[in-house]
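J.: Below are the structure tokens for one structure; questions will follow.
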Amino acid sequence: MAFPPAGAGKPAIDFGALRALVVDDYSGMRNALRLTLSNFGITKVQLAANAAEAIFHIRNKPYDFILCDFNLGEGRDGQQLLEELRHSNLISLETVFMMVTAESFYEKVVATAELAPDDYMIKPFSAEVLCARLVSILLRKRAFADAYRHFQESQLEAAINACDALMREQPRYAIDALRFKGEILNAMGRFEEAEALYKQVIAMRAVPWARLGLARALHLQQKDEAAEEELRDVLEHAPEMVSAYDLLADVCLAKKDPAAAQEALQQGVAVSARTVRRQQKLGEVAFDNGDLDTARTACTQAIEKGRHSVFVTPADYGNLCRVQLQQGDLKAVANTLKFNKRTLEATPEGQLVMAVTQSAAYTREGKSAEAAKTLDSVASLRAAGAHGDPQLMLDLASTCMANGRLDEADAVVAEVARNAHDSDALLAKARKIYADAGRDDAGGSVLASATADVRKLNNEGVVLAQKGDFRTAAERLLTACTAAPFNPRISMNTVWVILKHIDQAGMDEPMIEAARRQLGEAERQAPGHPRLAGLRLHLREIESRFGIHRKHA
Amino acid sequence: MSGDNSDFYAALIHELKNNLGLLSMTLDTIPDTGDATRDAALDAARMQCQGVVERLQQALLVYKANQGRLIPTIDAYSPHDLVDELTRRAEGLAHGRVQVVSEVTADVPPIGFFDRDLVEMALINAVHNSLVYARSGIRIEADVQDGCLEFSVRDDSEGFPAHILASLADGTPYRARGTGLGLQFARLIAEAHENRGRHGALRLANDGGAVFSLIVP
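Protein chains in written order, with this note's numbering: chain A, 22 to 574; chain B, -4 to 212.
Given below as structure tokens:
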């Protein structure tokens, strides 16, 4: 078959140079697709049968075009593959990712722009349509080249200007430019502007992604009532829009309505059970709600669906065991640890999860000698630097208490409290451990003194900063960071103050290095926190300002 | 599950559609030989296979509509790209036997809001009908009427039979076979499109041939 060029006046695409990857679990389809691509000149084609193979090839060399079936049989599906590729930065914004689905209506997962493929192809499709869509996406990416480049260099202001230019000069990309700009504004913490932008799109047409973007911008401004109203209305019209349930759950949690959050997550899971992060969240929320059966299913699913993916960490095994312990199902705990022994033993964090869980199980069984021995190994793992999530640490504290190791328990709780001095939810859980052990007073004083120290250092830093003494403020906050090395709030305040100090007094190498370290820690402890993007941007801006300055000096 | 096994039949049709889809893609990859009789037979096989696939897609859609689940996924698309794509598909199917031309009027905005896949399915079905009945050519158009996007497929055939035009006019269902089923399906798609209280519509007319128009608000 002969194909006409991509339309008069449009710049030509060099198909011969395109490196393509076809991902489909069915070999007949893979070969048919390869032939289809060769029909319009794409000859550099690699085939992959599943997500693992695809990731292997993509790690080895970059591809310009990935054509991936949504349904990949056992293991991860196409959407999970895409999320993992984006999460691990294995593909850039220039890479075309097209999802092939068998039907448009229930598999078309409306996701945020960063998690959406560039286009969907509904099976069966003709070579002409595939070719036309690919050309159209490639031309769009060409038009967005400046915006993408600035974005990838974290020059977000410049990326926004590039979007504005596209809106003015190439009206056919105006909506795409608005969509990209909205995501950037939300990432920069400019939520009011994002809100206005999404309202502008909705005034044209209430497309689902704009309504979701609006709800996100509202939620990030703590306007949770309005966000919930928007999301409930979206879901009434499009009940299959899974990402709306995830956002709704966040909104409900912010409104301190965990039952509604659980319900939203369960509805999301009912539409699509495969997303690991949704299952993880459901597991946590259901556990806190005391719905252990739901929590256990969700934690199990998170591990099942996420096996070999980047989204599952040792904490997930700890979470499942916690539910099983709470249910009194010690046999299940033993099995979880046994079947996942190899994975857990591979890292200090995994070893810590195993030891903490094992000590809790022994305690339950009344095997105090074994429990004591395991708690000793927990202590040495911790002394060697192994760090667990706060929930695991609270489990440890409660086991220590049950074994009469009160000082150790208090030290662990104090550590958790220092690192989460402003998290009401975690502090309440800590308080409950003391209440259950009949040590309310002891708990009160441990928590009070742990949080008071951090709060005092933090407040001193903030007050000094308000007076304009950024240098001393930074020093005070860095002391707080030593006391509370995993406290995202303290880390973010420290970064902010250091950057102000440099703005005021000029480059200070050790300080900017400390800011980089603390920003990294905050990103690990509170991924997606609304303050992070602004800080990252400020840091980047200072780096480039002084980078250029140094060159000239 | 409902007692009438309709979910089971839907799943079965879905499966059949995918199998046929693969067959259709395989047929597409057989190169032309240059031998007119053989190539014509192959073209006919392609057309027929596509036709069956589309019929199955329509059956699934009618099933969905009956379940109240035919909800368009509206987003911003280029009407120009859509006409371009349809024209290429029509050319691929016509293989030079019927001339395919297209026109997008100057009023058509660079982007419109509609469910591209549904609209394309309805239009490609109209293209198929026109390719079967056209004497020498078909024309694929996009225009703006009364603030709505209007996609049309025209041919130089003898036009729609009177009973089809009549049943559209008085709203009675078409006979559920052949062209009738395709038109019923196009009407479902048009009407599922809604914008601020305005619904889409299907318009059929005879004007030097059959004129099939899908209007989306």
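Glycine included, each C-beta is placed from N, C-alpha and C at the ideal position. Model, not experiment: these values are computed from the prediction.
If we define contact as Cβ-Cβ less than 9 Å, is PRO105 (chain B) a contact residue for chain A?
T.: Counting from 1 along the second sequence, the entry for residue 105 (chain B) is found at position 110. PRO105 (chain B) counts as touching chain A.
J.: Could you give the distance in angstroms between the alpha-carbon of VAL518 (chain A) and the alpha-carbon of ALA486 (chain A)?
T.: Residue 518 (chain A) sits at position 497 when you count from the first residue of the first sequence. Residue 486 (chain A) sits at position 465 when you count from the first residue of the first sequence. Going from the Cα of VAL518 (chain A) to the Cα of ALA486 (chain A) covers about 7 Å.
J.: Chain B beta carbons: is any one of them nearer than 9 Å to that of ALA393 (chain A)?
T.: Numbered from 1 along the first sequence, position 372 holds the residue referred to as residue 393 (chain A). The beta-carbon of ALA393 (chain A) is placed no less than 9 Å from the nearest beta-carbon of chain B.
J.: Give a yes or no on whether 9 Å exceeds the smallest Cβ distance from ARG149 (chain B) to chain A.
T.: Taking the second sequence and counting its residues from 1, one reaches residue 149 (chain B) at position 154. By this cut-off, ARG149 (chain B) is not an interface position.
J.: Just how far apart, CA to CA, sit SER466 (chain A) and HIS442 (chain A)?
T.: Taking the first residue of the first sequence as 1, we reach residue 466 (chain A) at position 445. Taking the first residue of the first sequence as 1, we reach residue 442 (chain A) at position 421. If you take the alpha carbons of SER466 (chain A) and HIS442 (chain A), they lie about 14 Å apart.
J.: When DSSP builds the beta bridges, which residues end up paired with LYS65 (chain A)?
T.: Counting from 1 along the first sequence, the entry for residue 65 (chain A) is found at position 44. Its beta-bridge partners are A:ARG40.
J.: Whole angstroms is fine: what's the gap from ASP35 (chain A)'s alpha carbon to PHE118 (chain A)'s?
T.: Here the question's residue 35 (chain A) lines up with position 14 in the first sequence. Here the question's residue 118 (chain A) lines up with position 97 in the first sequence. Looking at the two C-alpha atoms, the distance is approximately 18 Å.
J.: Enumerate in chain order the residues of its own chain whose CB-to-CB distance from ARG172 (chain B) is below 8 Å, with the five nearest sequence positions on each side excluded.
T.: Taking the second sequence and counting its residues from 1, the one referred to as residue 172 (chain B) is at position 177. Because ARG172 (chain B) carries a pLDDT of 47, less than 50, the predicted location of this residue cannot be relied on, and no value is offered for it.
J.: Quick one: is HIS573 (chain A) buried, meaning 16 or more other Cβ sit within 10 Å of its Cβ, or exposed?
T.: Mapped onto the first sequence, residue 573 (chain A) falls at position 552. Interpretation of HIS573 (chain A) is limited by its pLDDT of 36, a score under 50 that renders its predicted location unreliable; no figure is taken from the coordinates.
J.: When DSSP builds the beta bridges, which residues end up paired with TYR72 (chain B)?
T.: Counted from its first residue, the second sequence places residue 72 (chain B) at position 77. Residue pairing by DSSP puts TYR72 (chain B) in a beta bridge opposite B:GLY107.
J.: How many whole angstroms separate the CB atoms of LEU241 (chain A) and PHE201 (chain A), which I take to be in contact at a CB cut-off of 8 Å?
T.: If you number the first sequence from 1, residue 241 (chain A) lands on position 220. If you number the first sequence from 1, residue 201 (chain A) lands on position 180. Between PHE201 (chain A) and LEU241 (chain A) the Cβ distance is about 18 Å, and since that is not below 8 Å, they are no contact.
J.: Name the chain A residues whose beta carbon is nearer than 9 Å to that of ALA17 (chain B)?
T.: Within the second sequence, numbered from 1, the residue matching residue 17 (chain B) stands at position 22. A quick correction: the sequence has Leu, not Ala, at residue 17 (chain B). Here the neighbours are TYR47, GLY49, MET50, ALA53, LYS144, PRO145.
J.: Mind pulling the alpha helix (DSSP H) runs of 4 or more residues that sit fully within the segment 204 to 268 of chain A?
T.: Complete alpha helix (DSSP H) runs here, min 4: 212 to 225, 229 to 241, 245 to 258.
J.: Using a Cβ-Cβ distance cut-off of 9 Å, determine whether GLN94 (chain B) contacts chain A.
T.: Here residue 94 (chain B) refers to the residue found at position 99 when the second sequence is read from its first residue. For GLN94 (chain B), not one C-beta of chain A is nearer than 9 Å to its own C-beta.
J.: Tell me, please, whether the CB atom of HIS188 (chain B) is closer than 9 Å to any CB atom in chain A?
T.: For the purposes of this step, residue 188 (chain B) is identified with residue 193 of the second sequence, where counting begins at 1. Not an interface residue.
J.: Under a three-way DSSP split, which group does ILE66 (chain B) fall into?
T.: In the second sequence, counting from the first residue as 1, residue 66 (chain B) sits at position 71. Three-state result, ILE66 (chain B): coil.
J.: Kindly indicate which three-state DSSP category THR503 (chain A) falls into: helix, strand or coil?
T.: Mapped onto the first sequence, residue 503 (chain A) falls at position 482. In the structure shown, THR503 (chain A) sits in a helix (DSSP, three-state: H, G or I).
J.: Assign TYR127 (chain A) to one of three DSSP states: helix, strand, or coil.
T.: Counted from its first residue, the first sequence places residue 127 (chain A) at position 106. At TYR127 (chain A), the pLDDT of 46 sits below 50, so the modelled position is not reliable and the matter cannot be decided from this model.
J.: At the 9 Å Cβ level, is ARG83 (chain B) part of the contact set with chain A, yes or no?
T.: In the second sequence, counting from the first residue as 1, residue 83 (chain B) sits at position 88. Residue-level contact by beta carbon holds for ARG83 (chain B) and chain A, with a gap shorter than 9 Å.
J.: Who are the near neighbours of ALA187 (chain B) in its chain, counting only those whose CB is closer than 6 Å to its CB and skipping five residues on each side?
T.: In the second sequence, the residue the question calls residue 187 (chain B) occupies position 192. Contacts found: LEU65, PRO67.
J.: When you compare each of A:VAL475, A:LYS359, A:MET188 to ASN440 (chain A) by their alpha carbons, which one comes out closest?
T.: Along the first sequence, read from residue 1 onward, the residue named residue 440 (chain A) stands at position 419. Cα-wise, what sits closest to ASN440 (chain A) is A:VAL475.
J.: Under a three-way DSSP split, which group does ASN0 (chain B) fall into?
T.: Taking the first residue of the second sequence as position 1, residue 0 (chain B) is located at position 5. It is coil, neither helix nor strand.
J.: Please name the residue, chosen from B:GLY195, B:ASN124, B:MET20, that lies closest to PHE109 (chain B) on a Cα-to-Cα basis.
T.: As a first step, residue 109 (chain B) must be located in the second sequence, where it is residue number 114. For the residues B:GLY195, B:ASN124, B:MET20, the minimum Cα distance to PHE109 (chain B) belongs to B:GLY195.
J.: I want to verify the contact list: residues of chain B whose CB lies under 8 Å from the CB of ALA195 (chain A), in sequence order.
T.: Locating residue 195 (chain A) in the first sequence gives position 174, where the first residue counts as 1. Neighbours of ALA195 (chain A) on chain B, chain order: PRO105, ILE106.
J.: In chain order, which beta strand (DSSP E) runs of at least 3 residues are fully inside the segment 31 to 65 of chain B?
T.: None, since the segment 31 to 65 of chain B contains no complete beta strand (DSSP E) of that length.
J.: Along the segment 224 to 236 of chain A, what residues have a CB closer than 9 Å to any CB found in chain B?
T.: MET225, ARG226, ALA227, VAL228, PRO229, TRP230
J.: Okay, do the segment 544 to 562 of chain A and the segment 158 to 167 of chain A touch, 3+ Cβ pairs below 8 Å being the bar?
T.: Because the criterion of three Cβ pairs below 8 Å is not met, the segment 544 to 562 of chain A and the segment 158 to 167 of chain A do not touch.
J.: Could one say the Cβ of ARG154 (chain A) lies closer than 9 Å to chain B's Cβ atoms, at least one of them?
T.: Your numbering for residue 154 (chain A) matches position 133 in the first sequence. True, the Cβ-Cβ gap to chain B drops below 9 Å.
J.: Taking a cut of 7 Å between CB atoms, which residues from the segment 157 to 178 of chain A lie near chain B?
T.: SER157
J.: Which of the three DSSP states, helix, strand or coil, is assigned to ARG193 (chain B)?
T.: Counted from its first residue, the second sequence places residue 193 (chain B) at position 198. Three-state result, ARG193 (chain B): strand.
J.: Which partner residues does GLN300 (chain A) have in the DSSP bridge list?
T.: For this step, residue 300 (chain A) is matched to residue 279 along the first sequence. Looking at the DSSP assignment, GLN300 (chain A) forms no beta bridge with any residue, so it has no partner.
J.: According to DSSP, simplified to helix, strand and coil, what is ARG172 (chain B)?
T.: Here residue 172 (chain B) is taken as the residue at index 177 of the second sequence, counted from 1. The pLDDT assigned to ARG172 (chain B) is 47, lower than 50, so where the model puts this residue is not dependable; a value taken from the coordinates is nonetheless given after this. Looking at ARG172 (chain B) - three-state DSSP - the assignment turns out to be coil, as it is neither helix nor strand.
J.: Out of A:LEU93, A:GLN67, A:ASN92, A:ALA53, which has the shortest C-alpha to C-alpha gap to PRO83 (chain A)?
T.: Taking the first residue of the first sequence as 1, we reach residue 83 (chain A) at position 62. Of the listed residues, the one whose Cα sits closest to PRO83 (chain A) is A:GLN67.
J.: I'd like to know whether the C-beta atoms of LEU214 (chain B) and ALA137 (chain B) end up nearer to each other than 9 Å.
T.: Given that chain B is displayed from residue -4 to residue 212, the structure contains no residue 214 (chain B) and the question cannot be resolved.
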